[in-house]
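Peer 1: Below is a structure I'd like to ask you about.
There are 2 protein chains.
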Amino acid sequence: MPTIFDKDARDPSKINTIIELLFFAYRDFIADPDEILSALGFGRAHHRVLHFVDRKQGLTVAELLDLLGITKQSLARVLKQLVDGGYIEQREGPSDRRQRELYLTDMGALLIEDLRRPQSRRICEALASSGHGEDDAIRFLSSMIGPNAKHQIETLE
Amino acid sequence: MPTIFDKDARDPSKINTIIELLFFAYRDFIADPDEILSALGFGRAHHRVLHFVDRKQGLTVAELLDLLGITKQSLARVLKQLVDGGYIEQREGPSDRRQRELYLTDMGALLIEDLRRPQSRRICEALASSGHGEDDAIRFLSSMIGPNAKHQIETLE
DNA sequence: AAATTATGTCAATATGGCTGACATAATTTA
DNA sequence: TAAATTATGTCAGCCATATTGACATAATTT
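Residue numbers (UniProt numbering), protein chains in the order written: chain P, 1 to 157; chain L, 1 to 157.
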């Protein structure tokens, strides 16, 4: 019994349009911070690290690796640059001294704010001009992600 | 006079959630086709080329470069692999013989269909479980993209 | 005391971008 | 017609970000 939500009820050409818009939207979405980053000699990888360290201050290297889905060798260079640049601080784990807890410095907090600003603006504009609310976007995007990522996000809270 | 659409009326933590969800959603969104592609020795770059050649059969190399926003040197390798593999066909421009019009072969059409299937499924699921329609997503995403990309999309039609 | 764990590091490799320089053929312009 | 421009292709080298595999160190657990 087909409903309005039935997969077959969808217009394939509109779905294809959405696929294409996702490409352009995501590209433009990361282009803004990219400019700020490249002026500092950083890239997207640095942005993602700053985001997650801000999202959960004091997270460990292992947690960060899990969130990013990359290897420790890939993270190493990026993290070192952020630490050397004074954007991130590493502290010994309080209960397990092998762990390195990651914290944003004041400079790091300012930087992630700068990076977030154009992205927030873009999202707010899109919500306004499409007439949707924050929760609409959150509901849609939450359903786009797989169970794996869902679990990762839960561990952030 | 602030309205319900006023930027300052937005909840910054929800906007930050949307930023984060976009990261996870896009990552998962391209992970599905990535598996199919890597089995063929291809990558995301090949996917994008196939998408746009399908979107506008007979587009020229210059048009494709403009859409992708990369240099011809970057495109060269990817395009060559797709042509050599029998997924894309190049034909002399009918009015300007310097141009190379790009067309999908039957094999190329099958491949882009395969790549599109998991992405369509994911979008349909997200629309269904969030209670939105195709047009909601199209309106939101269209507002996310800049005027530059907007113009590019228009030239596709 | 031995095994495991968290982190870091070295080396080699792949992908997908980039710039600069140059080549060829076709078209347009003076 | 000759010269300039354009569309495309190609060579060479560089960069950022990822990978795998191997190994080192210190701390914790068994």
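We put the CB at the ideal spot given by N, CA and C, even for glycine. Just so you know, these numbers come straight off a predicted model, no measurement behind them.
Alpha carbon to alpha carbon, what distance is there between Ile112 (chain L) and residue 210 (chain L)?
Peer 2: Residue 210 (chain L) falls outside the range modelled here, since chain L spans only 1 to 157, and no answer is possible.
Peer 1: Determine the contact status of Phe140 (chain L) and Ser95 (chain P), defining contact as a CB-CB distance below 8 Å.
Peer 2: For the purposes of this step, residue 140 (chain L) is taken as the residue at position 140 of the second sequence. For the purposes of this step, residue 95 (chain P) is taken as the residue at position 95 of the first sequence. Not in contact: Phe140 (chain L) and Ser95 (chain P) (Cβ atoms no closer than 8 Å).
Peer 1: Do Glu125 (chain P) and Ile18 (chain L) come within 8 Å of each other at the CB atom, strictly closer than that value?
Peer 2: Position 18 of the second sequence, counted from the first residue, corresponds to residue 18 (chain L). Position 125 of the first sequence, counted from the first residue, corresponds to residue 125 (chain P). No, Cβ-Cβ distance for Ile18 (chain L) and Glu125 (chain P) is not below 8 Å.
Peer 1: Let me know the alpha helix (DSSP H) ranges lying completely inside the UniProt domain "HTH marR-type" (15 to 157) of chain L, each 4 residues or longer, listed in chain order.
Peer 2: Taking only runs of at least 4 residues, the alpha helix (DSSP H) segments lying wholly in the UniProt domain "HTH marR-type" (15 to 157) of chain L are 44 to 55, 61 to 68, 72 to 84, 106 to 130, 134 to 144, 147 to 154.
Peer 1: What residues from the region 89 to 117 of chain P come within 7 Å of chain L, judged by C-beta to C-beta, listed N to C?
Peer 2: From the region 89 to 117 of chain P, only Arg116 have a Cβ closer than 7 Å to chain L.
Peer 1: Do Val78 (chain L) and Ala45 (chain L) have their beta-carbon atoms positioned less than 8 Å apart in this structure?
Peer 2: Indexing the second sequence from 1 puts residue 45 (chain L) at position 45. Indexing the second sequence from 1 puts residue 78 (chain L) at position 78. It is a contact, given that the beta carbons lie within the stated cut-off.
Peer 1: I need the straight-line Cα distance from Lys56 (chain L) to His151 (chain P), nearest angstrom please.
Peer 2: Numbered from its first residue, the second sequence carries residue 56 (chain L) at position 56. Numbered from its first residue, the first sequence carries residue 151 (chain P) at position 151. Whole-angstrom Cα-Cα distance: 39 Å.
Peer 1: Just the C-alpha distance for Ala109 (chain P) and Arg100 (chain L), rounded to the nearest angstrom, thanks.
Peer 2: Taking the first residue of the first sequence as position 1, residue 109 (chain P) is located at position 109. Taking the first residue of the second sequence as position 1, residue 100 (chain L) is located at position 100. Near 49 Å, if we compare the C-alpha coordinates of Arg100 (chain L) and Ala109 (chain P).
Peer 1: Using a Cβ-Cβ cut-off of 8 Å, state whether Asp84 (chain L) counts as contacting chain P.
Peer 2: If you number the second sequence from 1, residue 84 (chain L) lands on position 84. Cβ-Cβ to chain P under 8 Å: no for Asp84 (chain L).
Peer 1: Counting only C-beta atoms, is Phe42 (chain P) closer than 8 Å to chain L at any point?
Peer 2: Walking along the first sequence from the start, residue 42 (chain P) turns up at place 42. Not an interface residue.
Peer 1: Are the C-beta of Lys7 (chain L) and some C-beta of chain P separated by less than 8 Å?
Peer 2: Counted from its first residue, the second sequence places residue 7 (chain L) at position 7. Reliability of the predicted coordinates at Lys7 (chain L) is poor, the pLDDT of 45 falling under 50, and no value is obtained from them.
Peer 1: Does any C-beta atom of chain L lie closer than 8 Å to the C-beta of Gln57 (chain P)?
Peer 2: What you label residue 57 (chain P) is simply residue 57 of the first sequence in a count that begins at 1. So no, Gln57 (chain P) is outside the interface.
Peer 1: For a contact meaning CB atoms closer than 8 Å, what does Glu20 (chain L) contact in chain P?
Peer 2: Within the second sequence, numbered from 1, the residue matching residue 20 (chain L) stands at position 20. Neighbours of Glu20 (chain L) on chain P, chain order: His51, Arg55, Ile153.
Peer 1: From Leu37 (chain P) to Arg97 (chain L), what does the alpha carbon distance come to, in whole angstroms?
Peer 2: Counting from one through the first sequence, the residue named residue 37 (chain P) turns up at place 37. Counting from one through the second sequence, the residue named residue 97 (chain L) turns up at place 97. If you take the alpha carbons of Leu37 (chain P) and Arg97 (chain L), they lie about 42 Å apart.
Peer 1: Using only alpha-carbon positions, find the residue among L:Gly69, L:Gly93, L:Lys72, L:Asp106 that is nearest to Gly85 (chain L).
Peer 2: Here residue 85 (chain L) corresponds to residue number 85 of the second sequence, with the count starting at 1. Selected option, being the one with the closest Cα: L:Asp106.
Peer 1: Counting only C-beta atoms, is Glu35 (chain L) closer than 8 Å to chain P at any point?
Peer 2: Position 35 of the second sequence, counting from 1, holds the residue named residue 35 (chain L). It does not; no Cβ of chain P falls within 8 Å.
Peer 1: May I have the straight-line CA-CA distance separating Ile153 (chain P) from Gly41 (chain L), to the nearest angstrom?
Peer 2: Position 153 of the first sequence, counting from 1, holds the residue named residue 153 (chain P). Position 41 of the second sequence, counting from 1, holds the residue named residue 41 (chain L). For Ile153 (chain P) and Gly41 (chain L), the distance between alpha carbons rounds to 32 Å.
Peer 1: Taking buried to mean at least 16 other C-beta atoms within 10 Å of its own C-beta, is Lys7 (chain P) buried or exposed?
Peer 2: For the purposes of this step, residue 7 (chain P) is taken as residue 7 along the first sequence, with counting starting at 1. Reliability of the predicted coordinates at Lys7 (chain P) is poor, the pLDDT of 45 falling under 50, and no value is obtained from them.
Peer 1: Please state if the CB of Leu115 (chain P) and the CB of Leu59 (chain P) are separated by a distance shorter than 8 Å.
Peer 2: In the first sequence, the residue the question calls residue 59 (chain P) occupies position 59. In the first sequence, the residue the question calls residue 115 (chain P) occupies position 115. Going by C-beta atoms, Leu59 (chain P) is not nearer than 8 Å to Leu115 (chain P).
Peer 1: For the candidate residues P:Asp28, P:Ile145, P:Ile15, P:Lys14, whose alpha-carbon lies nearest to that of Asn148 (chain L)?
Peer 2: Indexing the second sequence from 1 puts residue 148 (chain L) at position 148. Comparing Cα-Cα distances from Asn148 (chain L) to each of P:Asp28, P:Ile145, P:Ile15, P:Lys14, the minimum goes to P:Asp28.
Peer 1: Under a Cβ-count criterion, where at least 16 other Cβ atoms within 10 Å of its own Cβ denotes burial, should Arg122 (chain P) be classed as buried or exposed?
Peer 2: Numbered from its first residue, the first sequence carries residue 122 (chain P) at position 122. So Arg122 (chain P) ends up on the buried side.
Peer 1: With a cut-off of 8 Å, does the C-beta of Arg77 (chain P) fall near any C-beta of chain L?
Peer 2: Residue mapping note: residue 77 (chain P) aligns to position 77 of the first sequence, counting from 1. Taking Cβ atoms only, chain L never reaches closer than 8 Å to Arg77 (chain P), which makes this a no.
Peer 1: Can you find the residues in the same chain that come closer than 7 Å, C-beta to C-beta, to Pro33 (chain L), ignoring five residues on each side of it along the sequence?
Peer 2: Working through the second sequence from its first residue, we reach residue 33 (chain L) at position 33. Excluding residues within five positions, the ones whose Cβ falls inside 7 Å are His47, Leu115, Pro118, Gln119.
Peer 1: Taking 8 Å as the threshold (beta carbon to beta carbon), is Ala149 (chain P) in contact with chain L?
Peer 2: Position 149 of the first sequence, counted from the start, is the residue given in the question as residue 149 (chain P). It does: the Cβ of Ala149 (chain P) has a partner Cβ on chain L nearer than 8 Å.
Peer 1: Whole angstroms are fine: how far does the CA of Asp54 (chain P) sit from the CA of Arg91 (chain P)?
Peer 2: Stepping through the first sequence from its first residue, residue 91 (chain P) is reached at position 91. Stepping through the first sequence from its first residue, residue 54 (chain P) is reached at position 54. Taking the straight line joining both Cα atoms gives about 15 Å.
Peer 1: Contact criterion: CB-CB distance below 8 Å. Does Glu125 (chain L) meet it with respect to chain P?
Peer 2: Counted from its first residue, the second sequence places residue 125 (chain L) at position 125. Cβ-Cβ to chain P under 8 Å: yes for Glu125 (chain L).
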